[in-house]
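S.K.: Mapping of the sequence shown onto my numbering: residues 51 to 521, in sequence order. Note that CB positions come from ideal geometry on N, CA and C, so glycine has one too. Please find one structure pasted underneath; my questions will follow.
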Amino acid sequence: MNESISNQFQYLPSVQQIIETLSDHPVKPAVMTEIVRQELEILRREIADGKQSVASKDDALALIRPRLNSRIRMLLETPLKRVVNATGIVLHTGFGRAPLGEHALQYLLNMTSGYLNLEFDLNSGKRGERLDLTDEYLCLLTGSESSAVVNNNAAAVMLVLNSLANRKEVIVSRGELIEIGGSFRLPDVMKKSGAKMVEVGTTNRTHLKDYENAMTSRTGAVLIAHTSNYRVMGFTQKPAETDIIDLAHSRGIPVIMDLGSGALLSPESLGLPREPVVSEAVSRGFDVVTFSGDKLPGAGQAGLIVGRKEFIRKIRKNPLMRVLRCDKITLSLLAFTLSKYITNSEMPDLPTFHFLTADRKQLRSKAGEIIDKLEQKTGKSLNVEIRDTETEAGSGSMPTERIPSVALRVSAAGVSEERLARLFRQQDPPVIGYLKDRQFYLDLKAVSDKEIPFVVNALNRVAKDVQTGQK
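Have a look at this one:
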């Protein structure tokens, strides 16, 4: 070992010495000791790698104390932070997809701060079924005979395949072997379900005869997956879904539709790009349809399963249903969200739809309000301009469609767009914009009226940081 590095290690204080120099923290001694040990080990590796150097015990303490204070503060506050979504992407997976409104949160508080009839029948006084809490809503809104709810759509697909086609073959077009976020692929989900995947056709062209030739006595189901996060265009061919359904049903084979980002009402009726509607899939004859609750439906994370009663009954009785079932918070939020769809109004009173349908006139007004509220000296450090932009829904919804929006383009002399983005992320709450063509933007599509003060304050504070040269 290099002698200078060996000497530096001698300057590292003991765990107890470090703890004695820290400010008072309401942290258990055992936890504090472990955190200090971890940070000491990190500093030791940095010294060994030549990334840090210390010439005395005071140097070592000066390095490690701020790190410890920052880490302890973060642990006490929890790493989850509210952020202002100025990316323009309403259903941003990184930010939790569909935003929840104040009415939903108040409902959750009322439901979950005490006890609730999650599995208790108030009429009979006997044990009830938690899936019945949302069943009527889902059946009314989709035209299905029955339903089930699990914790996400990938789980829904796996559960359906395991229930209907375990140790059997499932036919799927090669053009629909999708990969969703986080590198999770449909073939991998199918394999875990116990079903054997039988690929038919090619990436761009699949014919009805391909499905027919693959059907045997070992076929348990046909799966059609909506390519919600991409489109195959050009020299393409695929049979009508109704033709596939008729063919499969003539052989006694159920057909499953994985919609992914399924809508409970037609987005076109709200002036938005087209996206598959769950009720249309049910009416076309699909036996089981799965889709996500936290995408276009506007609820929390959940995998929603609707379809024919005989198949949903098998799904509900599957032991995996217990493994994948939802808790009281998810089901409460889902029931509240679904209730908004049955009211006599043009669109559900949900943040997702308010954001998606906001037009440029409304967004320009919001942008003007922000600029009007900026401190006068902010304009001396930052150049803030209103620009028409285009965004997307997010989470694989309407993947090739652009949605009109408005953004603030922010720049500062001598300051890179990357540094501006970092400064806005460091605000409280963090304001997350995006970079495009070496410019930094704060898109207002998914910024609520109540978040305008956060954006104003962030702009004012960043202007001060830029003016004083802080990094």
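For A364 and A496, what's the separation of their Cα atoms in angstroms?
M.R.: A quick correction: the sequence has Lys, not Ala, at residue 364. Distance between the alpha carbons of K364 and A496: 40 Å.
S.K.: Can you look up G225 in the DSSP assignment and give me helix, strand or coil?
M.R.: DSSP places G225 in helix when its eight states are reduced to three.
S.K.: Measuring alpha carbon to alpha carbon, tell me which of V332, I392, I421, Q58 ends up nearest R94.
M.R.: Of the candidates V332, I392, I421, Q58, the one whose C-alpha sits nearest the C-alpha of R94 is Q58.
S.K.: From A513, Y157, S455, L354, pick the residue whose C-alpha is nearest to that of Q477; which is it?
M.R.: The shortest C-alpha separation from Q477 is found at A513.
S.K.: Return helix, strand or coil for I122, following the three-state DSSP convention.
M.R.: Reduced to three states, the DSSP call for I122 is helix.
S.K.: Give the straight-line distance between the Cα atoms of M82 and P129, rounded to the nearest whole angstrom.
M.R.: One C-alpha to the other measures close to 17 Å.
S.K.: Could you round the C-beta distance between H276 and G310 to whole angstroms and report it? I think they count as a contact, below 8 Å.
M.R.: H276 to G310, Cβ: 5 Å. Contact.
S.K.: If contact is defined by three or more beta carbon pairs under 8 Å, each pair taking one atom from either stretch, is the segment 247-262 in contact with the segment 214-229?
M.R.: At 8 Å Cβ cutoff, the stretches touch.
S.K.: Are the segment 388-407 and the segment 207-217 touching, with three or more C-beta to C-beta distances below 8 Å?
M.R.: Verdict: no, contact absent.
S.K.: What residue range does the alpha helix (DSSP H) around V434 cover?
M.R.: Note, V434: premise wrong, no alpha helix (DSSP H); beta strand (DSSP E) at 433-441.
S.K.: Using the three-state DSSP reduction, which class does E468 fall into: helix, strand or coil?
M.R.: Reduced to three states, the DSSP call for E468 is helix.
S.K.: For a test of the three-state rule: what should DSSP assign to F336, helix, strand or coil?
M.R.: Coil.
S.K.: Taking 8 Å as the limit between beta carbons, can you name the residues of its chain near R414, skipping five residues before and five after?
M.R.: I436, V456, listed in sequence order.
S.K.: Is A513 near the ligand GTP, with its Cβ less than 7 Å from a heavy atom?
M.R.: Questions concerning the ligand GTP fall outside what the structure shown contains, since it holds no ligand whatsoever.
S.K.: When DSSP labels each residue in this structure, what does Q287 get in the three-state scheme?
M.R.: Here Q287 sits in strand by DSSP.
S.K.: If I follow the unbroken alpha helix (DSSP H) through T407, where does it start and stop?
M.R.: Unbroken alpha helix (DSSP H) run through T407: 401-407.
S.K.: Which residues mark the beginning and the end of the alpha helix (DSSP H) in which D260 is found?
M.R.: Where D260 is concerned, the enclosing alpha helix (DSSP H) stretches over 258-264.
S.K.: What did DSSP end up calling M397 once you bin it into helix, strand or coil?
M.R.: Coil at M397, not helix or strand.
S.K.: In chain order, which continuous runs of the alpha helix (DSSP H) of length 4 or greater are located wholly inside the segment 71-144?
M.R.: Runs of the alpha helix (DSSP H) inside the segment 71-144: 79-98, 107-127.
S.K.: Can you tell me which of S498, E501, F504, P479 puts its alpha carbon nearest to the alpha carbon of R132?
M.R.: Considering only alpha carbons, the answer is P479.
S.K.: As a quick exercise: from L159, T439, T387, pick the residue whose alpha carbon is nearest that of K411.
M.R.: Of the listed residues, the one whose Cα sits closest to K411 is T439.
S.K.: Please name the residue or residues paired with A275 in a DSSP beta bridge.
M.R.: Per DSSP, D308.
S.K.: Given 8 Å as the limit, is there contact between the segment 65-75 and the segment 84-98, that is, 3 or more CB pairs closer than that?
M.R.: Taking 8 Å as the limit for Cβ pairs, the verdict is that the segment 84-98 does touch the segment 65-75.
S.K.: What residue from K359, R475, V506, S382 has the CA that sits closest to Q426's CA?
M.R.: Nearest option by C-alpha distance: V506.
S.K.: Do you know how far the Cα of S461 is from the Cα of K390?
M.R.: The alpha-carbon atoms of K390 and S461 are separated by roughly 41 Å.
S.K.: Quick check on the burial criterion: 16 or more other C-beta atoms within 10 angstroms. Buried or exposed for V373?
M.R.: Flag for V373 reads exposed.
S.K.: Would you report the Cα separation of R115 and L72, rounded to the nearest angstrom?
M.R.: So the two alpha carbons sit approximately 7 Å from each other.
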